[in-house]
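Comments concern the structure below.
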Amino acid sequence: MRGYLVAGNWKMNTDRASGTALAADLAAAVPAAEAGVDVLVCPPFPYLSSIAEKLDGSAVKLGAQDVYFEAPGAFTGEVAVPMLSDCGCSHVILGHSERRHVLGETDAVINKKVHAALKGGLVVVLCVGELLSERESGSTEKVLDTQMEGGLSGVTEADMAKVVIAYEPVWAIGTGVTASPEQAESAHEHLRKWLANRYNPGLADRVQILYGGSVKADNAEQLLGQANVDGALVGGASLKASSFVPIIDAARKLAQS
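Using this note's numbering, the first residue of the sequence shown is number 16, and each one after it goes up by one.
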């Protein structure tokens with residue numbers, strides 16, 4: 016059983032006070048490990064240590080939203096893998112659509128980050144997804160294949176034990192538009208087939224594939240109920256416990272069914 020991962024990507028939001036308050040609420044909501052459901056939050060870099068303190072003793076995992084691929088050194092403004100580990104991070108999001116389309120990250124750069132993170136012992140949440148124009152032109156699967164091939168180039172079967180895939184249709188991120196459960200399942204099924212062809216069916220069946228794109232309490236259960244959807248990468252709804260915990264609850268309900 017793959018189980019569910021519900022991950023909150025806070026993006027460039029919160030301040031120290033609101034972030035630590037949110038973390039305390041989540042720690043109270045997820046005090047102990049639960050069979051079939053993991054919870055992850057990825058705050059902005061400056062607050063990682065403060066958030067880690069609030070999460071200490073709970074089952075909520077801590078991640079970062081990006082990392083640089085070089086070892087610590089003269090790289091002004093960047094953050095290295097050992098720094099994330101030192102702050103208590105177990106996970107890192109890489110290849111998010113905002114990194115790709117706003118900041119111009121290429122598959123080659125993302126791949127370097129993937130290797131650096133894996134070498135440093137972090138679990139990678141690798142994001143892939145198509146633009147609206149690419150979906151409308153029928154290029155979704157081609158785009159996903161290119162991003163998977165680029166991001167996972169040189170990643171071994173053993174490495175894949177520490178890789179999570181997140182499908183995020185760019186046209187559904189922060190727009191209020193959500194992929195239908197059927198659209199999400201179709202993309203996730205394609206990604207799992209890609210993993211089976213690239214590696215093997217057994218590995219493909221073990222890798223968690225999350226859906227990210229305007230996930231909310233009122234659509235979470237339907238999305239997570241799809242056969243190949245193993246959790247959610249949540250943006251805006253992860254910024255308040257009142258909207259994030261119900262998504263966790265949806266995963267809990269499905270895990271127990």
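Virtual Cβ for every residue (Gly too), placed ideally from N, Cα, C. Predicted, not measured: the structure shown is a model, and the values here were computed from it.
Can you find the residues in the same chain that come closer than 8 Å, C-beta to C-beta, to residue i, ignoring five residues on each side of it along the sequence?
{"i": "Gly-34", "result": "Trp-25, Pro-58, Pro-59, Tyr-62, Ser-65 and Ile-66"}
{"i": "Ala-270", "result": "Gly-18, Tyr-19, Glu-49, Ala-50, Gly-51 and Val-52"}
{"i": "Lys-127", "result": "Phe-84"}
What do you reckon, are the CB atoms on residue i and residue j nearer than 9 Å?
{"i": "Ile-224", "j": "Val-244", "result": "yes"}
{"i": "Gly-110", "j": "Cys-142", "result": "yes"}
{"i": "Leu-232", "j": "Ala-252", "result": "The sequence given here has Ala at residue 232, not Leu. Yes; because the gap between Cβ atoms is below 9 Å, this pair is in contact."}
{"i": "Ile-125", "j": "Ala-79", "result": "no"}
{"i": "Val-249", "j": "Gly-23", "result": "yes"}
{"i": "Asp-122", "j": "Ser-168", "result": "yes"}
{"i": "Leu-254", "j": "Leu-37", "result": "yes"}
{"i": "Ala-247", "j": "Leu-41", "result": "no"}
{"i": "Ile-188", "j": "Val-222", "result": "no"}
{"i": "Ser-105", "j": "Leu-55", "result": "yes"}
{"i": "Val-170", "j": "Val-129", "result": "yes"}
Name the two residues that bound the continuous beta strand (DSSP E) containing residue i.
{"i": "Asn-28", "result": "Note, Asn-28: premise wrong, no beta strand (DSSP E); not H, not E."}
{"i": "Val-107", "result": "106-109"}
{"i": "Val-138", "result": "138-143"}
{"i": "Gly-78", "result": "75-79"}
{"i": "Ala-47", "result": "Per DSSP, Ala-47 belongs to no beta strand (DSSP E) and is neither H nor E."}
{"i": "Leu-118", "result": "No beta strand (DSSP E) holds Leu-118; DSSP gives it neither H nor E."}
Given residue i, which residues of its chain have a CB within under 6 Å of its CB, disregarding the five upstream and five downstream residues?
{"i": "Ala-74", "result": "Val-45, Ala-47 and Ala-48"}
{"i": "Glu-93", "result": "Tyr-83"}
{"i": "Val-260", "result": "Ala-44"}
Nearest CA to the CA of residue i: which residue from the options?
{"i": "Gly-72", "options": "Lys-128, Glu-172, Ala-43 and Glu-236", "result": "Ala-43"}
{"i": "Ala-265", "options": "Val-21, Met-16 and Arg-17", "result": "Val-21"}
{"i": "Lys-134", "options": "Asp-174, Lys-255 and Leu-118", "result": "Asp-174"}
{"i": "Glu-151", "options": "Leu-137, Pro-184, Val-179 and Glu-172", "result": "Pro-184"}
{"i": "Pro-87", "options": "Val-56, Arg-115, Ala-131 and Arg-114", "result": "Ala-131"}
{"i": "Pro-196", "options": "Pro-97, Ala-39, Val-230 and Gly-119", "result": "Val-230"}
{"i": "Thr-193", "options": "Ala-176, Gly-227, Leu-137 and Gly-136", "result": "Gly-227"}
{"i": "Ala-199", "options": "Thr-171, Glu-236, Leu-218 and Lys-177", "result": "Glu-236"}
{"i": "Ala-176", "options": "Glu-204, His-205, Leu-137 and Asn-212", "result": "Leu-137"}
Roughly how many angstroms separate the alpha carbons of residue i and residue j, rounded to a whole number?
{"i": "Leu-159", "j": "Cys-102", "result": "32 Å"}
{"i": "Met-16", "j": "Ala-89", "result": "43 Å"}
{"i": "Trp-186", "j": "Arg-115", "result": "14 Å"}
{"i": "Trp-209", "j": "Gln-162", "result": "11 Å"}
{"i": "Val-140", "j": "Asp-81", "result": "10 Å"}
{"i": "Lys-76", "j": "His-205", "result": "28 Å"}
{"i": "Thr-190", "j": "Asn-215", "result": "36 Å"}
{"i": "Ser-272", "j": "Tyr-19", "result": "13 Å"}
{"i": "Ser-258", "j": "Arg-267", "result": "15 Å"}
{"i": "Glu-113", "j": "Thr-91", "result": "21 Å"}
{"i": "Gly-240", "j": "Asn-234", "result": "10 Å"}
{"i": "Lys-157", "j": "Asp-30", "result": "39 Å"}
{"i": "Glu-120", "j": "Tyr-182", "result": "17 Å"}
{"i": "Asn-28", "j": "Glu-172", "result": "35 Å"}
{"i": "Gly-217", "j": "Arg-207", "result": "10 Å"}
{"i": "Ala-32", "j": "Ala-39", "result": "11 Å"}
{"i": "Ser-100", "j": "Leu-238", "result": "32 Å"}
{"i": "Met-98", "j": "Glu-68", "result": "16 Å"}
{"i": "Arg-213", "j": "Gly-153", "result": "22 Å"}
With respect to the alpha helix (DSSP H) encompassing residue i, which residues constitute its N-terminal and C-terminal limits?
{"i": "Ile-188", "result": "From DSSP, Ile-188 is part of no alpha helix (DSSP H); its letter is neither H nor E."}
{"i": "Asp-233", "result": "232-239"}
{"i": "Asp-264", "result": "256-271"}
{"i": "Ala-202", "result": "196-213"}
{"i": "Ala-247", "result": "No alpha helix (DSSP H) holds Ala-247; the beta strand (DSSP E) holding it covers 246-249."}
{"i": "Leu-147", "result": "147-151"}
{"i": "Leu-159", "result": "155-166"}
Checking contacts by CB at 9 Å: is residue i closer than that to chain C?
{"i": "Ala-256", "result": "Absent here is chain C; the protein component of the structure consists of one chain."}
In chain order, what residues of the same chain have a beta carbon less than 7 Å from the beta carbon of residue i, not counting five sequence neighbours either side?
{"i": "Thr-155", "result": "Glu-145, Glu-149 and Ala-202"}
{"i": "Ala-211", "result": "Ala-219"}
{"i": "Ala-242", "result": "Glu-200"}
Return yes when the C-beta of residue i is under 8 Å from any heavy atom of the ligand GTP, and no when it is not.
{"i": "Tyr-19", "result": "The ligand GTP is not among the ligands present in this structure, which contains no ligands whatsoever."}
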